[in-house]
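Participant: Per this note's numbering, residue 6 is the first one in the sequence shown, and the count goes up by one each step.
Glycine included, every Cβ here is placed at the ideal spot set by N, Cα and C.
Can you keep this structure in mind? I'll have questions shortly.
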Amino acid sequence: MEAGLQIQVRYRGKDKEQQLLGVFAIQPNHTRAFGNCSSQLASLDLRFPEGFLLFTFLKNDTAKTFYLSRVQANLTYRFPQAAETTFGADNPSLREFEAHLGHSYQCGNRSVALTPDFRLSALQERVQAFGLKAGQFGAAEFCQEPRRSAVVPIVVGVVLGLLIVTVVVAYAVGRWRTHRGYQTI
6 MEAGLQIQVR YRGKDKEQQL LGVFAIQPNH TRAFGNCSSQ LASLDLRFPE GFLLFTFLKN
66 DTAKTFYLSR VQANLTYRFP QAAETTFGAD NPSLREFEAH LGHSYQCGNR SVALTPDFRL
126 SALQERVQAF GLKAGQFGAA EFCQEPRRSA VVPIVVGVVL GLLIVTVVVA YAVGRWRTHR
186 GYQTI
């Protein structure tokens, strides 16, 4: 795995009423990585002074793919005005960062919700859990960036066009009606 990692935690302030958002960037030079592989499962354990992230990847031999299936996280950090200092999450039902075996998954920015109040953001990530050759990533499979639909701008343009035509027609009819009969001097 190659990525910049951030943990985003929503927490209650000391007054217990205000909800705040804390962001913690994991420092790579203070992080130790451990891993374990079997034929169907690969795990990556990242340990840093404030906590840990444990990633579990599964292999799907039928589809010839791998994917991130679970993330466990723990963070002990004092965010401004936080009532608590320890935050944790465990999401065992993920299907993220999926790519074909022998390939790597690559994306510019992905955010994964581990719980409603705990998110993990991966920046410029590249992941490959199985089939690395000589410690090198395989060909990249890029993530699908969300595409904006062109339907809304088209509908707005058509409605505005119809509105303009309606105003021009109403103006022309109004001018035509005032010129019927006697003209004012």
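Going by CA-CA distance only, name the one from 35, 61, 140 that's closest to residue 45.
Facilitator: As a first step, residue 45 must be located in the sequence shown, where it is residue number 40. For residue 45, the nearest C-alpha among the options comes from 61.
Participant: Please identify the residue among 172, 96, 119, 55 whose C-alpha is closest to the C-alpha of residue 90.
Facilitator: Indexing the sequence shown from 1 puts residue 90 at position 85. Ranking the options by Cα distance to residue 90, first place goes to 55.
Participant: Can you name, in chain order, every residue of its own chain whose Cβ lies under 7 Å from the Cβ of residue 77, other than the five neighbours on each side?
Facilitator: Taking the first residue of the sequence shown as 1, we reach residue 77 at position 72. Around residue 77: 59, 95.
Participant: With DSSP collapsed to three states, give me the class of residue 180.
Facilitator: Your numbering for residue 180 matches position 175 in the sequence shown. Correct three-state label for residue 180: helix.
Participant: What are the residues that DSSP puts in a beta bridge with residue 146?
Facilitator: The count along the sequence shown starts at 1 and reaches residue 146 at position 141. According to DSSP, which records beta bridges pairwise, residue 146 is partnered with 110.
Participant: State whether the stretch 106 to 118 contacts the stretch 127 to 146, with contact taken as three or more CB pairs (one from each stretch) at a distance under 8 Å.
Facilitator: yes
Participant: Output needed for residue 13: all residues of its chain with C-beta closer than 6 Å, excluding positions within five of it in sequence on either side, in chain order.
Facilitator: To locate residue 13, count along the sequence shown from 1; it is residue 8. Closer than 6 Å at the Cβ level, and outside the excluded window around residue 13, lie 28, 124.
Participant: In three-state DSSP terms, what is residue 38?
Facilitator: As a first step, residue 38 must be located in the sequence shown, where it is residue number 33. DSSP places residue 38 in strand when its eight states are reduced to three.
Participant: Helix, strand or coil for residue 70? Go by DSSP, reduced to three states.
Facilitator: Taking the first residue of the sequence shown as position 1, residue 70 is located at position 65. Residue state, collapsed to three classes: strand.
Participant: Are the CB atoms of residue 74 and residue 63 nearer to each other than 8 Å?
Facilitator: Position 69 of the sequence shown, counted from the start, is the residue given in the question as residue 74. Position 58 of the sequence shown, counted from the start, is the residue given in the question as residue 63. Their beta carbons are under 8 Å apart, which means residue 74 touches residue 63 by this criterion.
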